[in-house]
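If you're matching positions, the sequence shown starts at 366 in this note's numbering and goes up one per residue. Yeah, the Cβ is synthetic: ideal placement off N, Cα and C, and Gly gets one too.
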Amino acid sequence: MYDFLTQHCTRPEPHSVYTAEELWTDPHVASQMLALHLDREGDIASRNHAAIERIVRWIVRRFDLSSGRRVLDLGCGPGLYSSLLFSAGAEVTGVDFSESSLAYAREAVPVGEAGPMYIQANYLDLKVDETFDLALLIYGDLCALSPSQRRHLLASIQEWLAPGGHLAFDVFSTALFDELGEEAQYTFEGKGGFWSPKSHFHFQRRFKFANALYLDRHAVVAADSTREVLNWMQCYSPETLSQELQECGWRAVEVVGSLAGDPYEPSSHSFAVIAEPQ
Numbered sequence: 366m367y368d369f370l371t372q373h374c375t376r377p378e379p380h381s382v383y384t385a386e387e388l389w390t391d392p393h394v395a396s397q398m399l400a401l402h403l404d405r406e407g408d409i410a411s412r413n414h415a416a417i418e419r420i421v422r423w424i425v426r427r428f429d430l431s432s433g434r435r436v437l438d439l440g441c442g443p444g445l446y447s448s449l450l451f452s453a454g455a456e457v458t459g460v461d462f463s464e465s466s467l468a469y470a471r472e473a474v475p476v477g478e479a480g481p482m483y484i485q486a487n488y489l490d491l492k493v494d495e496t497f498d499l500a501l502l503i504y505g506d507l508c509a510l511s512p513s514q515r516r517h518l519l520a521s522i523q524e525w526l527a528p529g530g531h532l533a534f535d536v537f538s539t540a541l542f543d544e545l546g547e548e549a550q551y552t553f554e555g556k557g558g559f560w561s562p563k564s565h566f567h568f569q570r571r572f573k574f575a576n577a578l579y580l581d582r583h584a585v586v587a588a589d590s591t592r593e594v595l596n597w598m599q600c601y602s603p604e605t606l607s608q609e610l611q612e613c614g615w616r617a618v619e620v621v622g623s624l625a626g627d628p629y630e631p632s633s634h635s636f637a638v639i640a641e642p643q
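In structure tokens, the structure reads:
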């Protein structure tokens, strides 16, 4: 146990360990994440539902989706965006590797009615034959990937887009990064909690790195098991994001404060970009 906690408190090399899938594939944690997605007022796993509705309205107008355009919703979760986009007239394909989230999304489609098509897959490994007019990557998904994963995904999206297609996504900002401090904390969950249904200790360390990268490192210690979950988060300014896009063969067409079309604010914790292949 001493060695395990010593490792937990050690600053790793950036992206040297990657465990993000456990947030979505561990049955208990996935059920907790689904509950957070479905919290209409919360902003943890998804934005609150009023914000989601604003985002969908703007995206539908911005890309004229009511005319039946094809949308690829990457990391669609329980279909909160996909279902609304489909109702607005788009043809939607949602992709996620959470079995519980996709089960909810599919069950939400009324029996006998059409709905989005859902694919259970890691979008880093996705293979699709059709092309799309718009790809979506919502709520900072790009930020959780390593540089090589980002390059791979952006190259794949280029292949999935039809001529004239766009990528719309949001990221966390350097303003957020600047406000964060390195920290260490622990809690005891005697009756179980988010990380485990059993009694457990939860240790969390936050490390900050150069180039606006930070890591939340979680250790979960129960009577019969120990495990870690590492959540990497890359933050951006419009300038650093535009540079990375350009290096990957993309061009930032528009920078906005959010995917609801709000004006960009440098002090905001996130912002959004519309991009197209160069």
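*asked:* Judging by CA-CA distance, which residue of Val586, Phe428 and Gly622 is the nearest neighbour of Gly557?
replied: Locating residue 557 in the sequence shown gives position 192, where the first residue counts as 1. Checking every option, the nearest Cα to that of Gly557 belongs to Val586.
Would a C-beta distance cut-off of 8 Å place Arg321 and His373 closer than the cut-off?
Outside the modelled stretch of the chain, which goes from 366 to 643, sits residue 321, for which no answer is possible.
Please determine, among Tyr488, Pro628, Ala468 and His634, the residue with the shortest C-alpha to C-alpha distance to Ala577. The residue given as residue 577 occupies position 212 in the sequence shown. For the residues Tyr488, Pro628, Ala468 and His634, the minimum Cα distance to Ala577 belongs to His634.
- Euclidean distance between Cα positions of Lys492 and Phe553: Within the sequence shown, residue 492 is the residue found at index 127, counting from 1. Within the sequence shown, residue 553 is the residue found at index 188, counting from 1. Answer to the nearest angstrom: the Cα atoms are 42 Å apart.
(message) For a minimum of 4 consecutive residues, which ranges assigned as the alpha helix (DSSP H) are wholly contained in the region 538-579?
(response) 539-544
Are Ala509 and Met366 close, meaning C-beta to C-beta below 8 Å?
In the sequence shown, residue 509 corresponds to position 144, counting from 1. In the sequence shown, residue 366 corresponds to position 1, counting from 1. Against a cut-off of 8 Å, the Cβ pair of Met366 and Ala509 comes out as no contact.
_Quick check: Ala486 and Ala625, are their CB atoms within less than 8 Å of each other?_
For the purposes of this step, residue 486 is taken as the residue at position 121 of the sequence shown. For the purposes of this step, residue 625 is taken as the residue at position 260 of the sequence shown. Against a cut-off of 8 Å, the Cβ pair of Ala625 and Ala486 comes out as no contact.
Are Gly444 and Ala468 closer than 8 Å when you measure CB to CB?
Locating residue 444 in the sequence shown gives position 79, counting from the first residue. Locating residue 468 in the sequence shown gives position 103, counting from the first residue. No. Outside cutoff.
Local conformation of Ala415 per DSSP, three classes: Here residue 415 corresponds to residue number 50 of the sequence shown, with the count starting at 1. Here Ala415 sits in helix by DSSP.
Pair within 8 Å by beta-carbon distance, Val618 and Glu641: If you number the sequence shown from 1, residue 618 lands on position 253. If you number the sequence shown from 1, residue 641 lands on position 276. Result yes, Cβ atoms of Val618 and Glu641 sit closer than 8 Å.
Practice task
Would you grab the beta carbon distance between His380 and Ser511 for me? Rounded to a whole angstrom, and I think it's under 8 Å.
Solution key: Counting from one through the sequence shown, the residue named residue 380 turns up at place 15. Counting from one through the sequence shown, the residue named residue 511 turns up at place 146. Sure, about 4 Å apart at Cβ, within 8 Å.
| message | Between which two residues does the beta strand (DSSP E) holding Ile639 run? | response | Along the sequence shown, one-based indexing puts residue 639 at 274. Run containing Ile639: Ser635 to Pro642, per the beta strand (DSSP E) assignment.
* Asked: Closest to Thr384 by CA distance: which of Asn413, Gly407 and Leu580 is it?
  -> Translated into positions along the sequence shown, residue 384 becomes position 19. For the residues Asn413, Gly407 and Leu580, the minimum Cα distance to Thr384 belongs to Leu580.
For Gly407 and Phe636, what's the separation of their Cα atoms in angstroms?
Sequence index remark: in the sequence shown, residue 407 carries index 42 (1-based). Sequence index remark: in the sequence shown, residue 636 carries index 271 (1-based). Gly407 and Phe636: Cα-Cα distance of roughly 19 Å.
Given that a residue counts as buried once 16 or more other Cβ atoms are within 10 Å of its Cβ, and exposed if not, what is Arg426? Your numbering for residue 426 matches position 61 in the sequence shown. Its Cβ having fewer than 16 others within 10 Å, Arg426 is exposed.
Inset, instruction - Could you have a look at Pro475 and say whether DSSP puts it in helix, strand or coil? - result: Position 110 of the sequence shown, counting from 1, holds the residue named residue 475. The answer is coil: DSSP assigns Pro475 none of H, G, I, E or B.
Own chain residues within Cβ distance below 7 Å of Phe542, not counting five before or after = Sequence index remark: in the sequence shown, residue 542 carries index 177 (1-based). Excluding residues within five positions, the ones whose Cβ falls inside 7 Å are Ala577, Tyr579 and Cys600.
Check your understanding: Looking only at its own chain, which residues have a Cβ that is under 6 Å from the Cβ of Val382, when we skip the five neighbours before and after it?
Key -> Here residue 382 refers to the residue found at position 17 of the sequence shown. The residues are Leu595.
Check whether the Cβ atoms of Tyr488 and Val457 sit closer than 8 Å, and answer yes or no. By 1-based counting over the sequence shown, the position of residue 488 is 123. By 1-based counting over the sequence shown, the position of residue 457 is 92. No, they are not a contact pair.
ask   = Are the CB atoms of Leu501 and Ala533 nearer to each other than 8 Å?
value = The sequence position of residue 501 within the sequence shown is 136, counting from 1. The sequence position of residue 533 within the sequence shown is 168, counting from 1. Yes, Cβ-Cβ distance for Leu501 and Ala533 is below 8 Å.
Got a sec, what are the start and stop residues for the alpha helix (DSSP H) Tyr452 sits in? Position 87 of the sequence shown, counted from the first residue, corresponds to residue 452. Correcting the residue type first, residue 452 is Ser in the shown sequence and not Tyr. First-last of the alpha helix (DSSP H) with Ser452: Leu445 to Ser452.
**Message:** Considering only the alpha carbon of each residue, which of Glu478, Trp560, Ile639 and Trp389 lies closest to Ser607?
**Reply:** The residue you call residue 607 lines up with position 242 of the sequence shown. Ranking the options by Cα distance to Ser607, first place goes to Ile639.
TODO: Can you check the region 463-515 for any alpha helix (DSSP H) of at least 4 residues that lies completely inside it and give the ranges in chain order?
DONE: The region 463-515 contains, as complete alpha helix (DSSP H) runs of 4+ residues, the segments 464-472 (chain order).
Check your understanding: Val436 and Phe369: beta carbons closer than 8 Å?
Key -> Residue mapping note: residue 436 aligns to position 71 of the sequence shown, counting from 1. Residue mapping note: residue 369 aligns to position 4 of the sequence shown, counting from 1. No, these two residues do not count as a Cβ contact at 8 Å.
- Under a three-way DSSP split, which group does Leu624 fall into? Working through the sequence shown from its first residue, we reach residue 624 at position 259. Residue state, collapsed to three classes: coil.
**Asked** Looking only at its own chain, which residues have a Cβ that is under 8 Å from the Cβ of Gly433, when we skip the five neighbours before and after it?
**Response** Within the sequence shown, numbered from 1, the residue matching residue 433 stands at position 68. Once the five neighbours on either side are set aside, the close Cβ partners of Gly433 are Gly454, Ala455 and Glu456.
Next on the checklist: Please list the terminal residues of the continuous alpha helix (DSSP H) segment that includes Val394.
Outcome noted: On the sequence shown, residue 394 is found 29 positions in, with the first residue counted as 1. Segment Pro392 to His402, the alpha helix (DSSP H) holding Val394.
task = Could you please give the first and the last residue of the uninterrupted alpha helix (DSSP H) stretch that includes Thr605?
result = Mapped onto the sequence shown, residue 605 falls at position 240. Per DSSP, Thr605 is one residue of the alpha helix (DSSP H) stretching across Pro603 to Glu612.
(request) Hey, could you find the ends of the alpha helix (DSSP H) Thr458 is sitting in? (result) On the sequence shown, position 93 is the one that residue 458 refers to. Here Thr458 belongs to no alpha helix (DSSP H); instead the beta strand (DSSP E) covers Glu456 to Asp461.
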